[in-house]
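Counting from 25, one number per residue, gives the positions in the sequence shown under our numbering.
Shown next, in structure tokens, is the structure this report addresses.
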Amino acid sequence: RDSRVVLYRMAVLLLVAPFSFNVGMRAPVSIAPSSLRMVAAPAPELVESALKTVSLSNAAGDSVTVYTFGACITSYVKGGTDVLAVRPDAKLDGSKPISGGIP
């Protein structure tokens, strides 16, 4: 719970960073956008030149396929029918976020 509160406060701070704001009875504080650092996201994990996936199935034969890149569920087969849709032109090579499925 404490880590969620800290993350929430950090997110709020980042959202209002370009603006001045008051904290309690203190004088207004202004944070220059130049003081914030952008950090590059890690490269997606590849397995034999394809994005890494995790597949799960149950005793009834239902299955799910999850790409670890963005934790995107791209397939859920229930009773032999895939009930999720992924755009036919979706990039599954890590160059762009996956279009479709459940993010």
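Note that beta-carbon positions come from the ideal geometry of N, C-alpha and C, so glycine has one too.
| task | Ignore the nearest five residues each way along the sequence and tell me which others in S123's own chain have a CB closer than 8 Å to its CB. | result | V110, R111, D113, A114 and K115
| Assigned secondary structure, I122 (DSSP; H/G/I helix, E/B strand, else coil) | coil
| query | Where does A109 fall in DSSP's three states? | reply | coil
| Close beta carbons around T89, own chain, < 6 Å, minus the five adjacent residues each side | T77, S79, T98 and S99
| query | For L75, does the count of other Cβ atoms within 10 angstroms reach 16, so buried, or fall short, so exposed? | reply | buried
| Where does S87 fall in DSSP's three states? | strand
| said: Looking only at its chain, what residues have a beta carbon closer than 7 Å to the beta carbon of S81, apart from the 5 residues adjacent to it on each side? | reply: S87
| query | Since P68 and G118 are thought to touch, with beta carbons under 8 Å apart, how far apart are those beta carbons, to the nearest angstrom? | reply | 4 Å
| L80 lies in the beta strand (DSSP E); which residues open and close that run? | T77 to S81
| request: Classify T92 as helix, strand or coil using the three-state DSSP reduction. | output: coil
| Expected contact under 8 Å - CB spacing of G85 and L108 to nearest Å | Incorrect: roughly 16 Å between the Cβ atoms, too far for contact.
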